[in-house]
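If you read the sequence shown in this note's numbering, its first letter stands for residue 65, the second for the next number, and so on. Positions of the beta carbon are idealized from the N, C-alpha and C atoms, including for glycine.
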Amino acid sequence: TSGLIPKPDGEAGRPGRGGYNLEQALGWEAKKYQSIKTYVKKLVEEHLDPTKNFSSQSLTGLVNVRTLACQKFPVLQDYADSWPVIDLICLDLKYTSGRAR
Numbered sequence: 065t066s067g068l069i070p071k072p073d074g075e076a077g078r079p080g081r082g083g084y085n086l087e088q089a090l091g092w093e094a095k096k097y098q099s100i101k102t103y104v105k106k107l108v109e110e111h112l113d114p115t116k117n118f119s120s121q122s123l124t125g126l127v128n129v130r131t132l133a134c135q136k137f138p139v140l141q142d143y144a145d146s147w148p149v150i151d152l153i154c155l156d157l158k159y160t161s162g163r164a165r
């Protein structure tokens, strides 16, 4: 194995439907989780289109958000494909794109 932490099965934000609660899955202290979540939200606003869902975003924008988040918070590199960043992006866009409709 690569030694990286694998992504749980299912989708973040859907604990009742075969998914998981991201904050619980990560097991980080609340302050750390909130700091990373806030930073990723800021990156989403700067690099992505908040009116579109995840699959409609530009690959360049998604890569930029993931790279910048991993540079600021190296702990994210302990996870396979930096999946917590992707989950945070998805959760944020699910909210903002839903509001834009």
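- Here V139 is exposed, its C-beta having fewer than 16 other C-beta atoms within 10 Å.
- With a cutoff of 7 angstroms on beta-carbon distance, N117 and L157 are scored as near each other.
- Here the C-alpha atom of G67 lies approximately 11 angstroms from the C-alpha atom of Q141.
- Under the 10 Å beta carbon count, I69 is surrounded by fewer than 16 other beta carbons and is classified as exposed.
- When the five nearest sequence neighbours on each side are left out, the beta carbons in the same chain lying within less than 8 angstroms of the beta carbon of L155 are those of A76, G77, L86, in order along the chain.
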